[in-house]
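K.L.:
In my numbering, the protein residues as written are 2 to 245.
No residue lacks a Cβ here, since even glycine has one placed at the ideal position from N, Cα and C.
The structure displayed is predicted, hence computed values, not measured ones.
#1: Among the residues of its own chain, which have a CB less than 6 Å from the CB of residue 189, if the five just before and after it don't count?
#2: Tell me which residues share the same chain as residue 219 and place their Cβ nearer than 7 Å to its Cβ, disregarding the 5 neighbours each side in the sequence.
#3: Have a look at residue 66 and residue 159 and give me their C-alpha separation to the nearest angstrom.
#4: Would you report the Cα separation of residue 147 and residue 139, rounded to the nearest angstrom?
#5: When you compare only the Cα positions, how much space is there between residue 55 and residue 168?
#6: Based on Cα-Cα distance, which residue from 241, 64, 122, 156 lies nearest to residue 205?
#7: On the three-pair Cβ rule with 8 Å, is the region 91 to 102 touching the region 207 to 216?
#8: Along the alpha helix (DSSP H) that carries residue 77, what are the first and last residues, could you check?
#9: Can you give the beta carbon distance from residue 221 to residue 154, rounded, assuming they're within the 8 Å contact cut?
#10: Can you tell which of 33, 47, 38 has its C-alpha closest to the C-alpha of residue 61?
#11: Just to confirm the assignment, what range does the alpha helix (DSSP H) spanning residue 116 have?
#12: Determine the direct distance from the alpha carbon of residue 119 to that of residue 113, and round the result to whole angstroms.
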């Protein structure tokens, strides 16, 4: 078949046009690297500190993830970290996200109580009560590790990489959100117990669904809502409203 006839056939639909491979296996190596760092660094540091093991693991994973994205000629903006075009829309979506977190926490809290004992945070933040310096330090961690890093890693990076690995279609998105939420819940079991892991994993599921809905254009609402809910919890601990 000569070139002219082939082009004519392709244009008429008689021959399939070339299509990209449905699976990008480079995503697997990226996932293994970042998840491996998240697990290894945290588990290693838990031998010495429960308070800073999580933040240290997300910080090192963020460095690795940023490098991996650059290797793929990408950046965090490709995964949704963009300056809001309309702050009113972003703030509105942040309020919606905050409400979703509250709703899931309430509903799943009741369900989790039927399965396992609620141990709160096992005294991990007990030192914050009445301690202004500790409270301010925890707020710094809340808005770096607890909101910014976690949303970029557990929603933007992990969900996107799993979805790409599985083909990048809607089914792949759903599976990616489910896997990421299980991992997110697991990350909190060491100090929240099974009860807290179930609740946190469910929150991760909700946040993942919201990320698929609007986060790929702008993940800022998830970051703002996550930071706000954690700040509220830390403020209550500082004021002695909660003792867990």
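P.N.:
Considering the structure as presented:
#1: 197, 198, 201.
#2: So the qualifying residues of the chain are 81, 83, 85, 91.
#3: So the alpha carbons of these two residues sit roughly 10 Å apart.
#4: Whole-angstrom Cα-Cα distance: 9 Å.
#5: Their backbone Cα atoms lie some 31 Å apart in a straight line.
#6: With distances taken between Cα atoms, residue 205 lies closest to 156.
#7: Flag = yes, the region 91 to 102 and the region 207 to 216 touch.
#8: From DSSP, residue 77 is part of no alpha helix (DSSP H); its letter is neither H nor E.
#9: Not quite, the Cβ-Cβ distance comes to about 15 Å (not below 8 Å), so this is no contact.
#10: Sorting 33, 47, 38 by C-alpha distance to the C-alpha of residue 61 places 38 at the top.
#11: It is not in any alpha helix (DSSP H) - residue 116 carries neither H nor E in the DSSP assignment.
#12: So the two alpha carbons sit approximately 8 Å from each other.
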